[in-house]
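The structure appears right after this line, and notes come after that.
Chains as they are written, first to last, in our numbering: chain D, -10 to 250; chain A, 425 to 744.
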């Protein structure tokens, strides 16, 4: 199985100051990977390293078998896309305008939101509002739209690598699950998606791979049932967990934080 | 974009009418033909070209600076680029020895450019340091322009009367100071710099979502920032060397256009250039019509600019 498919992205011996220390990690085409870990575990740094946005102190990042630092920025933008946390703009841009700047080769100012995106994000109704008028969750949906539109032609071909840093933050529960489903649907087309998340239950049921992180290291990588064990979760999150399974659906109950006494 | 097309049409009409009127003031006067031709060629035409170039340079650079510094308040005057250029101009005018005076016309554009570039560099460093805090950049710009103003005031103390008159003209702005040789140096600089700004418009658009978003969508943010700032310094330096420091055009014109046509730099930058040029042509026309006194340009733009800007802000506030 390992030899059958070349990994889209592979990391070896990555070191980045005190933030990251990863020996070996890879993602295969079509994989849907959720990164879990407490605050400051290095989830964002890892996504930025994979995106080629920050240089590592040592180690190799290979994207499509080519070292990431050898990719010109413009060609990177055609194969991978990244959603950062916290974007803000002090200009009163309309959503339509804002999105049009990131859709490649639109000379016209008319942005069409593809049906698949619209179903999950529901942003068409506020295309004519300005960014500053949106609520936090609405803004996050627009950002997701922007990031996915940047690569839409690749996403349709199933060739894209999508990196999302806490895409669910600020979304109401319905849109959280709608986005998780969208991510799943995009992966089943052959796209590779890596995203960080704080919802363990959602991650377990909507991903096919979990990367569990702590102190800049990968504690476990693999299928959700294999990685999200009671022991693993309790060491990483310092909480007591109860795990149950109903109809193939994993359920996680946080009982109490483990105190340090 | 329907409104955008209307704005283009309206601006073009104003632009052409203003050129015709400035030239027409002399053409339809009852001066003898030979003199008329001489005035048109040696005075009116340089005046028209100066107004167009300076207005375009200031407005387009203002729009560019706003995007590059992520600050809707940026303007070559406010962030101190103009005053850096004026400072060097003042120093050259007041301190250069008498044998150097004949070459001053050619030295000034480069001096202004160096002054503009130096202040731009300082602003850029400060902007990087204070990234995220938009008020800090503006405040440091104000500090720089105040400092430059103070140094110019000190120079005042140590200069003679003829140099003083020269300088006052310079600091209040005037579109009457140019001739063909000055234009021959300044025009290519401004046309090149404004063209460069427009060339980067599509990349500048991506800066609206911040550094990370721009970089991940394929823009080399550092390079783009550096190049756009240099282009602004060239354009503003050349503009100051031709017409002194002119207030408000770089803030006012892009702001009002943002309300009318939106923020897409592919439209905004060329339209800012066109509107800035038209505005200064109108100022030149006003100056022509009140022949008795030469109006300092800054005075007129500030008189027009203050109320217009408040109106624009109030309108923008209601919308946003």
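Every residue gets a Cβ at the ideal spot worked out from N, C-alpha and C, and that includes glycine. It should be emphasised that the depicted structure is a prediction, and the values quoted were computed from it without experimental measurement.
In this structure residue 241 of chain D is in contact with residue 230 of chain D, their Cβ atoms being roughly 6 angstroms apart against a cut-off of 8 angstroms. Closest by C-alpha distance to residue 535 of chain A, out of A:610, A:438, A:628 and A:621, is A:610. For the segment 35 to 62 of chain D, the set of positions with a beta-carbon nearer than 7 angstroms to some beta-carbon of chain A reads 40, 42 and 62 in chain order.
For residue 629 of chain A, the chain D residues whose C-beta falls within less than 7 angstroms of its own C-beta are 90, listed in chain order. About 7 angstroms separates the CB atoms of residue 614 of chain A and residue 480 of chain A; that is less than 8 angstroms, so the two are in contact. Chain-order list of chain D residues neighbouring residue 674 of chain A: empty, with the shortest C-beta distance near 16 angstroms, by a criterion of under 7 angstroms. Residue 70 of chain D reaches chain A at 640 and 641, counting residues in chain order whose Cβ is nearer than 9 angstroms. By the neighbour-count criterion, in which 16 or more other beta carbons inside 10 Å mark a residue as buried, residue 713 of chain A falls on the exposed side. What residue 494 of chain A touches in chain D, judged by beta-carbon distance under 7 angstroms, is 79, going in chain order.
CA-CA distance, residue 221 of chain D to residue 78 of chain D, rounds to 40 angstroms. Residue 684 of chain A sits in a helix when the DSSP states are folded into three classes. Between the segment 4 to 17 of chain D and the segment 36 to 50 of chain D, the count of Cβ pairs shorter than 8 angstroms is three or higher; the stretches touch.
Per the Cβ contact rule, the segment 488 to 497 of chain A is in contact with the segment 665 to 683 of chain A (3 or more Cβ pairs under 8 angstroms). Chain-order list of chain D residues neighbouring residue 687 of chain A: 80, 82 and 86, by C-beta distance under 7 angstroms. In the structure shown, residue 10 of chain D falls within a strand segment according to DSSP collapsed to helix, strand and coil. Bounds of any alpha helix (DSSP H) do not take in residue 494 of chain A, whose DSSP letter is neither H nor E. With respect to residue 487 of chain A, residue 696 of chain A sits close: the two C-beta atoms are nearer than 9 angstroms. When beta bridges are read from the DSSP output, residue 720 of chain A appears opposite no residue. Within chain D, 73, 75, 76, 77 and 78 have C-beta atoms less than 9 angstroms from the C-beta of residue 634 of chain A, given in sequence order.
Taking residue 604 of chain A as the centre and dropping the five residues before and after it, the same chain places the C-beta of 470 closer than 7 angstroms to its C-beta, in chain order.
The segment 73 to 90 of chain D makes contact with the segment 109 to 128 of chain D, as at least three CB pairs between them are under 8 angstroms.
Counting C-beta pairs with one atom in each stretch, the segment 167 to 187 of chain D and the segment 17 to 37 of chain D have three or more that are closer than 8 angstroms, which means they touch. In the three-state reduction of the DSSP assignment, residue 548 of chain A falls in the helix class.
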